[in-house]
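Asks:
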Amino acid sequence: MGKPNTSTPSPVNTNTLFQAASLSKPVSAAIILDLVTQGKWDLDVPLADIADYGPAELRQDPYYRMLTTRMVIGQCSGLANYGQDGDNGKKFIAKPDTRFTYSGVALDFLKQIIEQKAGKSWEEIAQDFFKKAGMKRSTFQRQLPDGSTPDVAKAHLTDPLSNDSLAPLPPLPNNGHGVLAGSMLTTAEDYLAFLQYCFKNNYLKSTLLTGALSTLPPTTSPETSQIQWGLGMGVYSSRDPEKTIAFHWGNNTGSISFCAMDMETGNCVVNFANSMNGPTLFQRIAEPTVGDITPLFQWLSKYCNFNDGNRPEKPDSIATTVHSIHLLADIESQKPTDSMQKMLLLMPSKPELKPVESQQQTLPLSVSVPQQIGEENNEKQNTEEFNPTPSSTTPDSK
Numbered sequence: 127m128g129k130p131n132t133s134t135p136s137p138v139n140t141n142t143l144f145q146a147a148s149l150s151k152p153v154s155a156a157i158i159l160d161l162v163t164q165g166k167w168d169l170d171v172p173l174a175d176i177a178d179y180g181p182a183e184l185r186q187d188p189y190y191r192m193l194t195t196r197m198v199i200g201q202c203s204g205l206a207n208y209g210q211d212g213d214n215g216k217k218f219i220a221k222p223d224t225r226f227t228y229s230g231v232a233l234d235f236l237k238q239i240i241e242q243k244a245g246k247s248w249e250e251i252a253q254d255f256f257k258k259a260g261m262k263r264s265t266f267q268r269q270l271p272d273g274s275t276p277d278v279a280k281a282h283l284t285d286p287l288s289n290d291s292l293a294p295l296p297p298l299p300n301n302g303h304g305v306l307a308g309s310m311l312t313t314a315e316d317y318l319a320f321l322q323y324c325f326k327n328n329y330l331k332s333t334l335l336t337g338a339l340s341t342l343p344p345t346t347s348p349e350t351s352q353i354q355w356g357l358g359m360g361v362y363s364s365r366d367p368e369k370t371i372a373f374h375w376g377n378n379t380g381s382i383s384f385c386a387m388d389m390e391t392g393n394c395v396v397n398f399a400n401s402m403n404g405p406t407l408f409q410r411i412a413e414p415t416v417g418d419i420t421p422l423f424q425w426l427s428k429y430c431n432f433n434d435g436n437r438p439e440k441p442d443s444i445a446t447t448v449h450s451i452h453l454l455a456d457i458e459s460q461k462p463t464d465s466m467q468k469m470l471l472l473m474p475s476k477p478e479l480k481p482v483e484s485q486q487q488t489l490p491l492s493v494s495v496p497q498q499i500g501e502e503n504n505e506k507q508n509t510e511e512f513n514p515t516p517s518s519t520t521p522d523s524k
C-alpha cells in the first residue's frame with residue numbers, strides 16, 4: 127500500500143520505480159566488475175593511462191596518476207564526495223588507497239573514462255548487465271530511448287505550509303545524465319534480483335560483497351571497527367552472534383533507501399521510501415531478515431546523516447510510502463506471506479522511542495520514530511571524526 131505521490135490516489139505497486147540514490151553505487155560497481163570478467167576492463171590500470179579525467183587543477187596533483195578503478199569502486203580514491211573538501215574533484219584530500227574516502231565524484235570521473243573507452247553510453251553498458259541480472263525496469267536515464275518517461279515515485283519533504291503532511295518535490299529532469307553514484311531508477315523487486323544475482327555469482331560475491339579494506343579511519347566509535355568495505359558495498363561484521371552483513375544506504379533529497387544481505391544465507395532486504403522518513407523503520411523491517419544491526423544503524427546515523435528527516439510541529443501523523451521486499455536465498459523455505467511487504471506507515475514524531483535493540487521486536491502498522499533531523503552539512507573527513515558523506519547526493523539529485 128501507499129502512494130508514489132501524495133497528491134494522487136494511485137497506489138504503489140511492484141512496478142513502481144524509486145530513486146535508488148546511493149544504492150546506485152553497488153550496481154555501478156557490479157557493472158564494472160562484469161566488464162572485468164569479460165576481459166573488457168582492468169581494475170588496476172591507472173585511469174590516467176586510459177584517458178584524462180577530472181578538471182585541469184586535479185591533473186596537476188601528484189596523486190593524479192595513481193588512481194585506479196579498484197580504488198574508486200572500493201571507496202578509497204582519495205577524492206572527496208560532492209559538497210565536501212576537494213572542490214568537487216579539483217584536488218585529492220588523501221593519498222589514493224590509504225583511507226576510506228566515500229566519493230561520488232570519483233565514480234563520475236570513472237564513468238567518463240569507461241564511456242570513452244567503450245564507445246557506448248553508460249546506460250547502454252548498464253542495460254547489458256540488467257538483462258543478465260533480471261532487472262527488467264531499472265535505468266540510469268529518466269528519459270528512455272523511445273522518448274518515454276516512466277512514472278517514478280515522487281520525492282517528498284514536509285510541506286512548510288502544513289506541518290502534518292508531505293509535499294511532493296518537482297519531478298526529476300528528463301535530460302539528466304546518468305550518474306553512477308546516484309541516478310539509477312529501480313523497483314524493489316529489481317534490486318532484490320540484483321542482490322541475489324551477486325550472491326550467486328562467485329566473482330561478484332568475492333569482490334563486491336566482501337570486505338576489502340582492513341580498517342576505516344581511526345575513531346572513538348566502537349561500531350566503526352565492525353565495518354569494512356568491499357568493491358562496491360559496505361560489510362558489517364556482527365560479533366554476537368558472528369554474522370557478516372553486506373549493506374548500503376541511499377539518501378537523495380526526499381528519497382531514501384537501504385539494503386542488507388546475510389552473507390551466509392543470502393537472506394536480504396531492500397527498502398525504498400519516497401520521503402526523508404525511514405531509517406528507523408528500515409532497521410525494524412530489516413532485522414527479522416538479517417538479524418540485529420543496531421550498531422550499523424548507529425554508525426549510519428552518526429557518520430552518514432542517515433536519520434529520519436521530518437520534524438512536524440504538530441503531533442499529527444505523517445504518512446510516507448515504504449516499499450520493502452524480503453526474500454530468502456532458499457525460495458522453497460520462504461513463506462508466501464513473507465515474500466513481499468508493501469505498507470503505508472503512519473509515523474508521528476515522538477522523541478521517547480529508543481532505537482530498536484532486538485530483532486524480536488515487531489513492526490506494527492503504525493509506529494513512532496525518534497525526532498531526528500538528517501541535516502546536510504559540509505563536515506570534513508578526518509582521522510578523528512569519520513563522516514563519509516553529509517548526504518549521498520549527486521549533481522542531478524540536488
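Under my numbering, the first residue of the sequence shown carries the number 127, and numbering increases by one thereafter. Think of the CB as a built atom: it goes at the ideal place given N, C-alpha and C, for glycine as much as any other residue.
In angstroms with no decimal places, state the Cα-to-Cα distance between T142 and Q186.
Replies: Rounded to the nearest angstrom, the two C-alpha atoms are 45 Å apart.
Asks: From which residue to which residue does the beta strand (DSSP E) around A307 run?
Replies: That residue, A307, is in no beta strand (DSSP E); it is neither H nor E in DSSP.
Asks: Return the first residue and the last residue of the beta strand (DSSP E) that N197 is part of.
Replies: Correcting the residue identity first, residue 197 is Met in this sequence and not Asn. That residue, M197, is in no beta strand (DSSP E); its alpha helix (DSSP H) goes T195 to I199.
Asks: Give me, in chain order, the residues of the same chain whose beta-carbon lies closer than 7 Å to that of Y362; leave out the 5 immediate sequence neighbours on both sides.
Replies: Excluding sequence neighbours, Y362 sits near Q352, I353, I371, F373, I419 and L422.
Asks: Between the stretch 243-258 and the stretch 210-220, can you find at least three pairs of beta-carbon atoms closer than 8 Å?
Replies: No: the two stretches stay apart, fewer than three of their Cβ pairs being nearer than 8 Å.
Asks: Whole angstroms is fine: what's the gap from P276's alpha carbon to G404's?
Replies: Roughly 24 Å between the two C-alpha positions.
Asks: Would you kindly report the start and end of the unbroken alpha helix (DSSP H) that includes F255?
Replies: From DSSP, the alpha helix (DSSP H) with F255 extends over W248 to A259.
Asks: For K217, is the classification buried or exposed, using 16 other Cβ atoms within 10 angstroms of its Cβ as the cut-off for buried?
Replies: Answer is buried; the Cβ neighbour count reaches 16.
Asks: Between L334 and G358, is the Cβ-Cβ spacing less than 7 Å?
Replies: Result yes, Cβ atoms of L334 and G358 sit closer than 7 Å.
Asks: Buried or exposed for V171, please, with buried defined as at least 16 other CB atoms from any protein chain shown within 10 angstroms of its CB.
Replies: Classification of V171: exposed, given that the 10 Å Cβ count is below 16.
Asks: Just checking my contact of L149 with S383 at CB under 8 Å: how many whole Å lie between their CB atoms?
Replies: L149 to S383, Cβ: 5 Å. Contact.
Asks: On a Cα-Cα basis, can you pick out the residue from R191, Y190 and S401 that is closest to L292?
Replies: The shortest Cα separation from L292 among R191, Y190 and S401 belongs to S401.
Asks: Could you tell me if Q242 is buried or exposed, where buried requires 16 or more neighbouring beta carbons within 10 angstroms of its beta carbon?
Replies: Flag for Q242 reads exposed.
Asks: Taking Cβ to Cβ, would you say F398 is nearer than 7 Å to A314?
Replies: Yes, the pair counts as a contact, with Cβ atoms nearer than the cut-off.
Asks: Could you pull out every residue in the same chain whose Cβ sits closer than 8 Å to the Cβ of L426, ignoring the five residues on either side in sequence?
Replies: For L426, where only same-chain residues beyond five positions count, the Cβ hits under 8 Å are W375, P405 and F432.
Asks: Span of the alpha helix (DSSP H) holding Y323?
Replies: Y323 -> alpha helix (DSSP H) spans A314 to K326.
Asks: Taking K331 as the reference, which of G308, W167 and D388 has the closest Cα?
Replies: Of G308, W167 and D388, the residue nearest in Cα terms is D388.
Asks: In whole angstroms, what separates the C-alpha of F144 from that of K428?
Replies: Going by the C-alpha atoms only, they are around 25 Å apart.
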